[in-house]
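Numbering (our numbering), first residue to last: 803 to 1411.
Cβ atoms here follow ideal geometry from the backbone N, Cα and C, with glycine treated the same way.
Please read these numbers as outputs of a predicted model, since none were measured by experiment.
Shown next, in C-alpha cells, is the structure this report addresses.
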Amino acid sequence: MFAYFKSSDGSSALYDNDNIQHAQNGSHKLKGEVHNHIEESIRPYIDLIDNLRSVGIHKDLALPTIAVIGDQSSGKSSVLEALSGVALPRGSGIVTRCPLELRLKKAKGAVNWKAVLSYRDKKKEFVDTSLVENYIEEAQNELAGKGVGICDELITLEVMSPDVCDLTLIDLPGIARVPVKGQPENIEKQIKHLIMKFIEKQETLNLVVVPCNIDIATTEALKMAQEVDPDGKRTVAILTKPDLIDRGTETTILEIAQNKTIPLRKGYIMVKCRGQQQINEKMSLEEAAQKREISSKSTTFQVTSEKIINLCFLKCICLLNEDKATIKSLAIKLTHHLVDHIKTIKEFNEQINSISLGELIIKENLFVQLREEFKKWNNHLNDSKISLNNLTEEKITRSQDYRGRELLGFSNYRMFEKVLQGHVATLEDPAIYLLNTIKDIVIKQFTDAVNQCFQNYPALLKITMDKIYNIQSDQQEKAEQRIKEQFKMENMIFTQDPIHVKSLNEIGEDTFSEDQLPIFDKKSKYGEIMKAYYEIVVQRMSDQLPMMIMLFMLKQTAHLLSIDMLSLLEGANVSELLFEDSDVGRKRRDLHARLDRMSIAQEKMGYFV
C-alpha cells in the first residue's frame, strides 16, 4: 500500500507505507527490549550512585552525574518534565535558582506516585503531584532568598513511580545574558560559575538543551559544554521545539540531528514537549505525553514542521528508527551513557568486596590462607609458654638478686613485671612478620582480581595495581603502629581480677577465690602466677593481632580501594582507561566497524525499497 504526501510548497511524492510502518514497528520492539534491560540490570547502578551520594561520599569524591544545562527559554524544564512526569516551576526569567537533583526510580507493586523533597536537614514526603512546584519554590526561597537570586546549595527531589525510568539528573539554572530587576549586574557570571562547578567534572555527562529555532553555533550552553569537553565525549545535545523550525532550515536541522554539523561523540536527540500554548491551556503532562506518542508514530512525523520537504521526511523516519527522536529514546540513551561510566568499575569493586567478605570461593581461597598463617601465630604463642616456664624457674632461684628495699619475707613485684615484660617483647618481631605475610597474601588475591577484570585494559590495570600497592603500604604503616601500641599496652601487665583467678584455677590443682589469693604470695607459687597471667596474654594476642591485621590489610583496604576506583572517573579520561590494547579488543573493534558499515549500507538500500 502506498501513501501520497503533499507539502505546503506544492511538491509531492509516493511512499511505501508498509515499509515505513515496518521500520517503525521494529524500532518500537527494540525500545521495548531496551526498557526490559533497564528494568533488570541498570537500576542497581543508578541506585549505587544515589546511595553513595546520600551517605555523603560526593563530599570526598565526585560521582557520575547527568547535568542538564541550557539557555533561558530553551525548553530545559519541559525536557525534565517529560522525563520525570513532574510539573516543575514555570515562569519568566530565572526559575531554577538552585541546583535540583531529580532522582527518578521506577516503582513496582502498589506504588502509584510518591515523592520526597529534601534540602539541608529538611525532608518532605508527599503523594500529590500538584505540590511539587510549591515545595520547590519554598525550598529555593529559603536557600536563595525570595526574588531572583541564585544559590549553589542542592535540592533533591526523589520521584518513585511506575511511569518513570531509572535515572538521576541535576537541573541547573538557565543561562541569562541580561540581568532583570533585582538581579546583580554579574548574574550571567554567577550562573556560569555555578554551572561550571558541575559540568567541568570528568565524570559528569552534560545534557545540553538547544531549541531548533535558533542558530546552534551561538548557543551559550553548548559553548560551555565544548569548553570543558572539547572532544564531545561526554556531551549529549537535546534538540527541542522542532515544531518551530523555520521554513527552509529543515535540512540544516536534520543534519545537526544526524551529528554532521557540530559532531558530538554521544550525538543528538530531537524531542517534542509541551509548548507554551499547551502550558497556557493547562494541558496535563499525561495528555502531552499521549500527543507525543501519537506524533512519533505518525508517518508524516508531525514532531517537525508540516512544511518539511520530501527528503527530510525520509530522514525523519530514519531518526525514529535510529532512536534519535522522542523522550523515550532520550531516557534510554541517557541511562545507558550514565551506566557506561560506572559499570566496569562497579564489577571490579563487587569482586573485591566478595574477596574481603570471604564470599568468593576459589582454589586458593583467601580465608583458608589467612587461617593457616594465624594458626602458625597461635602455635608460636603456645611454644613461648615453655620458654617462659624455664625463664621463671631460673629467675626464682636468683630472686635475691632482684630484692629491693623490702624486708625479708616480702615479695618483689617488680621482678614479676620485668620477667613478663621481657618475654612478651620477644613476640613483637614475629607479629610484624605475620603482618607482612598477610599483606603479601592480600595483594596476591587483589592482583588476581585486577588481572581477571582488566586483562584487556592495560592502562586501567596499571593504575589499579598502583592504587593497591599505595593503599596497602599506607595500611601496613597504620597496622604496624597499632601492633606497637598493643605491645606497649601489654607492657603494663594488667588483667581483671576475676579473669586472673579463673586462669589460676585452671592451671593449678586447688581452687581459690579472690579473697584467698594472698596465700599465693610465696616463692613456691610464683611460677603458677606467671603461668596463669601469660595464658591470658596468649589468648589476647592470639585473637587481637589477627583481627587487627585483617581490619587494616583486608577490610579497610578493600573499602579504600573501592572508593579510589570510583574516583578514577574524576579527572581521568574514561575512554583512555577503557581502551583495549589486545587481540580481543581489536577483534571487537573490527566487528563493531563491520556492523556500522553494514548498518549504513542497509540504510542507503532502504531508500530504494
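Cross-strand partners of residue i (DSSP beta bridge)
{"i": "T1037", "result": "N1008"}
{"i": "T867", "result": "T1006"}
{"i": "S963", "result": "K908"}
{"i": "T970", "result": "R905"}
{"i": "T1042", "result": "P1013"}
{"i": "G872", "result": "V1011"}
{"i": "Y1070", "result": "A1039"}
{"i": "T958", "result": "E903, S920"}
{"i": "I1001", "result": "Paired residues: none, contrary to the question."}
{"i": "I977", "result": "D873"}
Contact under 9 Å by Cβ, residue i with residue j
{"i": "L902", "j": "L959", "result": "yes"}
{"i": "L1362", "j": "N1151", "result": "no"}
{"i": "E1149", "j": "C1255", "result": "yes"}
{"i": "L1263", "j": "N1253", "result": "yes"}
{"i": "R1284", "j": "F1354", "result": "yes"}
{"i": "A1027", "j": "I871", "result": "yes"}
{"i": "L1236", "j": "K1178", "result": "yes"}
{"i": "L885", "j": "L969", "result": "yes"}
{"i": "A941", "j": "K924", "result": "yes"}
{"i": "G887", "j": "V1010", "result": "no"}
{"i": "P1044", "j": "K1003", "result": "no"}
{"i": "L971", "j": "L904", "result": "yes"}
{"i": "A1019", "j": "I1055", "result": "no"}
{"i": "I1351", "j": "I1240", "result": "yes"}
{"i": "S1158", "j": "L1356", "result": "yes"}
Beta-carbon separation (whole angstroms), residue i vs residue j, contact threshold 8 Å
{"i": "Q1223", "j": "N1293", "result": "5 Å"}
{"i": "L1024", "j": "I1071", "result": "Contact doesn't hold; Cβ gap of about 14 Å is too wide."}
{"i": "I1234", "j": "L1172", "result": "Going by Cβ atoms, the distance from I1234 to L1172 rounds to 17 Å, so no, they are not a contact pair."}
{"i": "P964", "j": "K907", "result": "Not quite, the Cβ-Cβ distance comes to about 10 Å (not below 8 Å), so this is no contact."}
{"i": "Q1412", "j": "T1359", "result": "With the chain represented from 803 up to 1411, any question about residue 1412 goes unanswered, as that position is not in the structure."}
{"i": "V1038", "j": "G1069", "result": "7 Å"}
{"i": "V982", "j": "V950", "result": "6 Å"}
{"i": "V1221", "j": "L1193", "result": "6 Å"}
{"i": "E802", "j": "I1309", "result": "The structure shown does not extend to residue 802, since the chain is modelled only from 803 through 1411, so no value can be given for it."}
{"i": "M1367", "j": "T1266", "result": "7 Å"}
DSSP state of residue i mapped onto helix, strand, coil
{"i": "S920", "result": "strand"}
{"i": "F1296", "result": "coil"}
{"i": "K926", "result": "strand"}
{"i": "T1249", "result": "helix"}
{"i": "T1051", "result": "coil"}
{"i": "D1242", "result": "helix"}
{"i": "Y1271", "result": "helix"}
{"i": "Y1335", "result": "helix"}
{"i": "Y937", "result": "helix"}
{"i": "I1154", "result": "helix"}
{"i": "V950", "result": "coil"}
{"i": "I1064", "result": "coil"}
{"i": "K1187", "result": "helix"}
{"i": "F1176", "result": "helix"}
{"i": "R1207", "result": "coil"}
{"i": "F1169", "result": "helix"}
{"i": "K1264", "result": "helix"}
{"i": "P891", "result": "coil"}
{"i": "S1315", "result": "coil"}
{"i": "L1024", "result": "helix"}
{"i": "Q1358", "result": "helix"}
{"i": "V982", "result": "coil"}
{"i": "P1348", "result": "helix"}
{"i": "L1353", "result": "helix"}
{"i": "G1160", "result": "coil"}
{"i": "Y1259", "result": "coil"}
{"i": "N1307", "result": "helix"}
{"i": "P1232", "result": "helix"}
{"i": "N943", "result": "helix"}
{"i": "V1226", "result": "helix"}
Beta carbon proximity, residue i to chain D, threshold 9 Å
{"i": "I1265", "result": "In summary, chain D is missing from the structure at hand, where a single protein chain is found."}
(message) Does the segment 973–980 come into contact with the segment 917–927, if we say contact requires no fewer than three beta-carbon pairs (one atom in each stretch) closer than 8 Å?
(response) no
(message) Check whether the segment 1281–1295 and the segment 1311–1318 touch, using three or more Cβ-Cβ pairs below 8 Å as the test.
(response) no
(message) Pairs of beta-carbons, one from the segment 927–937 and one from the segment 1009–1017, closer than 8 Å: are there three or more?
(response) no
(message) Under 8 Å: do the segment 1293–1306 and the segment 1183–1193 share three or more Cβ pairs, one atom per stretch?
(response) No, the segment 1293–1306 does not touch the segment 1183–1193.
(message) When you compare the segment 923–934 with the segment 988–997, are there three or more beta-carbon pairs, one atom per stretch, that lie closer than 8 Å?
(response) no
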